[in-house]
């Protein structure tokens, strides 16, 4: 085992041993599994409402849920990745770097012939592998649950789309993982290390979209595609400013297109490039952290 | 009683000196003001669109008229209230948690308990400080909100509007105090600094985001952009006739939502501010009749959190965990 794999293996072991990320992990995997059943219940109710409206002679329009793909049942998973997956990544990242600072193992590691960038890259690779494994398990659970709800094994094309969604989810989670690691490296206390990235997350997910589209914060929890930004007056300026930074909205947009949501429009390319740019920038920020910062003491 | 007042005064002095907490409260105020700015810009756009529509009708020689968009100033607070329910509760968790962990971190717990304090004096002082802090913070936030409505929103407020704002503020204070006390209880009960905070955050995630999200997603009208009934061209009166056939499903959905105290807070506050159309411009008695159960649930949650904080904040429990 070389130094690179040793750090990765150690990071995986420590992360899996932490009880608290395990709680979030259980909530995340449980909600991914539940999302198919929530989707099924919503679809059944819409079909029932539509049939009742037709029976009462109130509508002549076709059922909007006719010929819907089984991927509809995965729509809620996108929201759970934005909410729980990102928070899980933050907590895992914070614990990873805080652990070293609290136990003062960073001093010991850096006393060896190890460059800070090498050590942090290996830690990041370990955490990246952990989240990739987590998302792979979630993808398998999602495919199984959707197959149960749809009453048949989903097609190869639908399966590939789900795998694609979780691959983009990994890219989306990566900046939050790095944000957590950075908070763990720079914060002066455990409380602020956990709180600061969560505040950044809440701004990215809830405040930026409001500025660009006037969408209400709670409506952002709904998997239905958000209305397009208004391109006039106040919103023409704000949407151009905040749209590139609304990481959550980019992921939701990419997710809706990958899941073949008929209400989603546009292309997936811009969203994926934006998410990728954030992921790369965040990884670089972690790797560039200076030796002195890594060895700084905590105040609680 | 003197001990409780002394401890509460010390807590408030500590919090006033804590720049991190001051920044968080300022951030909350900025978020709420931003939501008013956005709502006001959105309304101006609607007025502009309406004016263009009327001009186009006139140019075409049509005598048809369209109803002008009505401004209900308190409805502009929807985004702000949602920020208070999501981000405000998050800060309340951090505030409550840090009030116990700071004593553990500084090693002042043992010192405090070496004094001849009454059994509930320590936690009583903390609870009183939380109550005073949130009441004054929420009062300040609602003053900012009112000023934003008047200045940025250019919205005329009447006497009744101030009363409705007062009730919304009272619900907000109760809601935020409840979250702080809940986090304080977890901090007292759990030994590791980060563990209790993450547990409190998991609880926050489930109650504030996940349960309301499930209820919201199960709403048939939320399945299509713009609403299912609008896409089916079914009006409000017929919508109720259709939904009358789905009472079992709606009751289940409602029960899921009601398990979240956030939803109880939201329903009551939205009613007092007229954000929910059926309560808009209605007298207080009408709103109370429709939402008293939400208010009572919120108060029950507050009573439960006060009791838990009192029981978990005794010398025996806190020092047992520290040692």
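Protein chains in written order, with the numbering used here: chain G, -12 to 287; chain H, 17 to 339. Backbone N, C-alpha and C define an ideal beta-carbon position, used for all residues, glycine too.
Cutoff 7 Å; reference residue i; Cβ partners in own chain excluding five residues on either side
| i | result |
| --- | --- |
| residue 40 (chain G) | 46 |
| residue 250 (chain H) | 258 |
| residue 283 (chain H) | 307 and 310 |
| residue 118 (chain G) | 76, 157, 160 and 164 |
| residue 84 (chain H) | 66 |
| residue 244 (chain H) | 236 and 237 |
| residue 338 (chain H) | Low per-residue confidence applies at residue 338 (chain H): pLDDT is 47, beneath 50, and the placement is therefore not dependable, though the value from the model is reported in the following sentence. The residues are 120 and 125. |
| residue 259 (chain G) | 155 and 241 |
Cα-Cα separation, residue i to residue j
| i | j | result |
| --- | --- | --- |
| residue 280 (chain G) | residue 176 (chain G) | 14 Å |
| residue 332 (chain H) | residue 199 (chain G) | 52 Å |
| residue 66 (chain G) | residue 208 (chain G) | 6 Å |
| residue 235 (chain H) | residue 276 (chain H) | 16 Å |
| residue 221 (chain H) | residue 138 (chain G) | 32 Å |
| residue 321 (chain H) | residue 255 (chain H) | 39 Å |
| residue 113 (chain H) | residue 53 (chain G) | 50 Å |
| residue 83 (chain G) | residue 2 (chain G) | 7 Å |
| residue 22 (chain H) | residue 140 (chain H) | 11 Å |
| residue 211 (chain H) | residue 284 (chain G) | 20 Å |
| residue 94 (chain G) | residue 38 (chain H) | 34 Å |
| residue 225 (chain H) | residue 127 (chain G) | 25 Å |
| residue 219 (chain H) | residue 199 (chain H) | 10 Å |
| residue 115 (chain H) | residue 274 (chain H) | 30 Å |
| residue 178 (chain H) | residue 185 (chain H) | 10 Å |
| residue 169 (chain H) | residue 91 (chain G) | 53 Å |
| residue 274 (chain G) | residue 74 (chain G) | 21 Å |
| residue 229 (chain H) | residue 225 (chain G) | 27 Å |
| residue 56 (chain H) | residue 264 (chain H) | 39 Å |
| residue 236 (chain G) | residue 196 (chain G) | 7 Å |
| residue 154 (chain G) | residue 15 (chain G) | 16 Å |
| residue 135 (chain H) | residue 158 (chain H) | 36 Å |
| residue 206 (chain G) | residue 202 (chain H) | 30 Å |
| residue 262 (chain G) | residue 110 (chain G) | 21 Å |
| residue 114 (chain G) | residue -6 (chain G) | 10 Å |
| residue 166 (chain H) | residue 92 (chain H) | 11 Å |
Supposed contact pair residue j and residue i - C-beta distance, whole angstroms, cut 8 Å
| i | j | result |
| --- | --- | --- |
| residue 106 (chain H) | residue 140 (chain G) | 41 Å between Cβ atoms; not a contact. |
| residue 78 (chain G) | residue 11 (chain G) | 6 Å |
| residue 164 (chain H) | residue 52 (chain H) | 4 Å |
| residue 149 (chain G) | residue 134 (chain G) | Actually they are not in contact, since the Cβ atoms of residue 149 (chain G) and residue 134 (chain G) sit about 11 Å apart, beyond 8 Å. |
| residue 153 (chain H) | residue 36 (chain H) | No, residue 153 (chain H) and residue 36 (chain H) are not in contact; Cβ-Cβ is about 15 Å, not under 8 Å. |
| residue 111 (chain H) | residue 196 (chain H) | 5 Å |
| residue 191 (chain G) | residue 234 (chain G) | 5 Å |
Contact under 8 Å by Cβ, residue i with residue j
| i | j | result |
| --- | --- | --- |
| residue 150 (chain H) | residue 102 (chain H) | no |
| residue 266 (chain G) | residue 162 (chain G) | yes |
| residue 24 (chain H) | residue 133 (chain H) | no |
| residue 303 (chain H) | residue 287 (chain H) | yes |
| residue 272 (chain G) | residue 169 (chain G) | yes |
| residue 49 (chain H) | residue 160 (chain H) | yes |
| residue 37 (chain G) | residue 248 (chain H) | yes |
| residue 62 (chain G) | residue 249 (chain G) | no |
| residue 127 (chain H) | residue 20 (chain H) | no |
| residue 215 (chain H) | residue 206 (chain H) | yes |
| residue 231 (chain G) | residue 99 (chain H) | no |
| residue 291 (chain H) | residue 122 (chain H) | no |
| residue 7 (chain G) | residue 80 (chain G) | no |
8 Å Cβ cut-off: residues of chain H touching residue i
| i | result |
| --- | --- |
| residue 203 (chain G) | 94, 95 and 98 |
| residue 197 (chain G) | 50, 51, 54 and 95 |
Chain-ordered chain H contacts of residue i [CB-CB under 7 Å]
| i | result |
| --- | --- |
| residue 18 (chain G) | 226 |
| residue 133 (chain G) | Those do not exist, as residue 133 (chain G) stays about 16 Å from chain H at its closest Cβ, beyond 7 Å. |
| residue 221 (chain G) | 57 |
Listed by chain order, chain G residues near residue i by CB distance under 8 Å
| i | result |
| --- | --- |
| residue 203 (chain H) | What residue 203 (chain H) touches in chain G: nothing, since even the nearest Cβ is about 10 Å away. |
| residue 188 (chain H) | Chain G residues near residue 188 (chain H): none, gap ~15 Å exceeds 8 Å. |
Cβ neighbours of residue i in the same chain (closer than 8 Å, five flanking residues each side left out)
| i | result |
| --- | --- |
| residue 34 (chain G) | 50 and 52 |
| residue 30 (chain H) | 118 |
| residue 272 (chain H) | 227, 230, 231 and 234 |
Close-in-space but distant-in-sequence residues of the same chain around residue i (CB under 6 Å, 5 per side omitted)
| i | result |
| --- | --- |
| residue 61 (chain H) | none |
| residue 191 (chain H) | 281 |
| residue 313 (chain H) | 280 |
| residue 229 (chain G) | 195, 198 and 199 |
| residue 188 (chain H) | 100 and 154 |
Closer than 7 Å at the beta carbon, the chain G residues around residue i
| i | result |
| --- | --- |
| residue 229 (chain H) | 66 and 208 |
| residue 36 (chain H) | 179 |
| residue 249 (chain H) | 46 and 48 |
Partners in chain G for residue i, counting only beta-carbon separations shorter than 9 Å
| i | result |
| --- | --- |
| residue 234 (chain H) | 25, 28, 29 and 32 |
| residue 102 (chain H) | 189, 193, 204 and 205 |
Partners in chain H for residue i, counting only beta-carbon separations shorter than 9 Å
| i | result |
| --- | --- |
| residue 35 (chain G) | 236, 261, 262 and 265 |
inquiry  = If the cut-off is 7 Å on Cβ atoms, which residues from the region 39 to 64 of chain G count as contacting chain A, listed in chain order?
reply    = The structure shown contains no chain A; the protein chains it does contain are G and H.
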